[in-house]
Structures are given as C-alpha cells and as structure tokens.
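Asker:
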Amino acid sequence: MRTAVTVALLLAAPAPALADKGPAYQIFEDSALGMTLPPKKILLGDKGMDRTLNDCITGAPAASASALYWLEVGKAGNVTAAKVRGTGSSSLDSCLAGGLKKASITEKLPGAIVIVGRLDVLDKNKGDGRFLVSPKVSEVAVLLDAKGGPWQLGTRRMAYTDNRAADISAALDGQVTALNACAAKRPASAGDVDLVAWLDGGKPLVRSAGDSAYDTCVATALWSVKLPTSQSAIWMELSLKKAAEPLAPRTDKASLSKEQALKDALTTAVRARSASLLDCTDGKKATLAKVTVALAGGKATIKAVATGDAAADSCVKTKFGAVSIKSAAPDDKLDLEVEIVPAQ
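The sequence shown begins at 87 in the working numbering and counts up one residue at a time.
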C-alpha cells in the first residue's frame, strides 16, 4: 500500500478552499490498499455520485465539519462498502456514504481494493462557497513496542476527526499486548504485510493484503480504542514487519557499544512521541525542533527544550514524562540532544 497524490488540494491544507460555485464537496483519494493510485482521480461522479453527494449536503442541516471515508471496491470497480464519519450528523454521514457507493470506477483494478481519504464539505453557515476545514493527517510514523516478539506493528500515516495524533498513539500503545498477541499467531514463514484500519466508534474494520485471521484479531484489539466524540473517526495505514534484530556492536569495547545502544534507545523514545510533543505547539507562537533528553535511574526525561513559549516547553516536558529505558542500568547516565521529526 502506497500513498497516492491527492485529488484536489495540498494534503491537510490549513486554509479552506473556495468552491467557486462548483460542487458542494471535494474528495481526496489519500491512499489505497491493493494498488498504487494513479495521479488522476478514479472516483468519478457521472453515475450518480456527484448528484447524490451534492443533494445530501445542500438538502441537509449544515455540517459542522468535513469527514473521512472508507471504500471497499471489488475488482470490477463496484463499491461494495462505504463508511463516512465526521460531519456532526449521522444522517448526513449515512447519506454521503450512500452517495460514495455510486462512484463510477473505470480504472482497471488488480483485484479488490480499499480506498481511504477525506471528504470536504461545503460550509453552509458562512455561505461564501468555502469548504469546512479538512480532517487532519499525520505522517509521523509510530512503532509499537514488540516486547521481544517476532513482529512489530507500526503506523505509517493516519487521518482523524475530533482526535489528536498523540491520543491515538497512546490508545494504540494501550492495546500493544493484544496487538502483539495477534502477530504472534502468524506462522514464522509469513512475510511483512500492509494494512488499513477504520475506527468510528462501531466495529473496527481492518483489511490487509494477507491474513484475514490476523485482520480479525487486530480489529478485535482495536475495539477497545475509545474515541472522544460521536463524530470521531480514524483511518490508519499500518505495516507489520519482522521485529528488528539487535544491532551488532560498532566496536569491540563493550562500554562504547552500550553507549551507542543507549543513544539509539533515547532517540527512539523521543521520535516515537514526536506527534504528541508537537501537539504542544498548537495555537502558540512556538517551534519545536529538538530536545535534550537525560537518562538517569533507568528513565529518560526532557532536560531542556526551547520552543519560544514557556507553556509549550512545560507541555513538552509533561507529555514526555519519565520513559523507562529497558536497556539502561540504574546507574547509567547520559544526556542526548534529539531532533524532533515533524509531521509532513
């Protein structure tokens, strides 16, 4: 599964776009499982989708937000399942899902696929032809702790409404034991697999290019992820890969090889929490580019951060907290400056 070019605008553009008396919606085909999306859009509106989506939006009470969607498409190009969530109205979400099921797909498909993306909706309250702000997309990868198991699950990209990337990452981390148990059931000879998941407060949907039993197990584990509001939704691109083998020492001196291992562990601890830490700068004149992390007593904490905003600095230190470093002994001490990897 690979990321495709968006259809209409730049990904998660902060400013809404003018409709210019055109449709009451715009679709972003963000990604697909089962094929690489072409540069041109493949969801065509000439067989009823365009009319239905416009009628849904213009005929219903004003939406409070734009939405996410999930489409399952058969090899022949027929949409077999559609999910929409995020407008603030369950009836409008259902109407839009019905409209998406009428999509005309003439592109030759290699087999059944899943398409996920965003559906931007006209802001009827303002009446100036603009769309409501698009759902957020985070491209900060998050690797879940394999806890010594043979497989490691991680997110590559996720889109969400009424959530924060940090909260989603924390929720996934809370289900890591169940998710690792799913992976442990896979045969040792199995290969890496790409997945896509949908959460909207109902039964989660998980599809992969491989093991349906694993998909079902992951969906069951994700059932425990709680969403903050009734209009919340998430879709996620995930990858399951063989857990990384321990790195060979870079030197014959044990003290130096251990120091490098600790540096790697501290860097991973920070990078895995980048999305959460970056949220601290939201709504502030602050920039988070790097932090200094300190290891002592087997735990890592933020020793120094300078975002340009005192509240943001405090937030970063609080959110990071004290992270246990399993490879560290109680008497190990180390300070390390780590660059923050921003969302794309």
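The beta carbon of each residue, even a glycine, is placed where N, CA and C say it ideally should be. Predicted model, so just to flag it, every value in this text is computed and none were measured.
1) So, K385 versus A408, is the Cβ gap smaller than 9 Å?
2) Can you tell me whether D368 is buried or exposed? The criterion is at least 16 other CB atoms within 10 Å of its CB, across all chains shown.
3) In whole angstroms, what separates the C-alpha of K212 from that of Y155?
4) Can you list, in chain order, the residues of its chain whose CB lies under 7 Å from that of D395, leaving out five sequence neighbours each side?
5) Find the nearest neighbour of P273 within the set V262, P236, A189, S255, judged by alpha-carbon distance.
6) Over the uninterrupted alpha helix (DSSP H) stretch that includes S53, give me the two end residues.
7) With a cut-off of 8 Å on the beta carbons, I'd call K133 and K188 a contact; round off their distance for me.
8) Evaluate contact between the segment 107 to 121 and the segment 199 to 208, counting only Cβ atoms and requiring at least three cross-stretch pairs below 8 Å.
9) State the start and end residues of the unbroken beta strand (DSSP E) segment that holds M135.
10) Put R357 into one of helix, strand or coil per three-state DSSP.
11) How many angstroms separate the CA atom of G163 from the CA atom of A283?
12) Tell me which same chain residues have a C-beta within less than 6 Å of the C-beta of A398, skipping the five on either side of it?
13) Could you check which residue in A264, P314, E323, K271 has the C-alpha nearest to that of V292?
14) Near L230, which residues of its chain fall below 8 Å by C-beta distance, leaving aside the five closest residues on each side in sequence?
Answerer: This is what the structure holds:
1) yes
2) Exposed, by the Cβ-count rule.
3) 24 Å
4) For D395, where only same-chain residues beyond five positions count, the Cβ hits under 7 Å are K370, K371, A372.
5) P236
6) Examination of residue 53 is not possible in this model, given that the chain is present from 87 through 430 alone.
7) 6 Å
8) yes
9) Unbroken run through M135 is the alpha helix (DSSP H), 135 to 145; no beta strand (DSSP E).
10) helix
11) 21 Å
12) Setting aside the 5 residues that flank it on each side, A398 is surrounded in the same chain by C366, T367, K370, A372, each with a C-beta closer than 6 Å to its C-beta; the list follows chain order.
13) E323
14) Excluding positions up to five away in sequence, the list reads Q238, L239, G240, L258, D259, V262, L265, N266.
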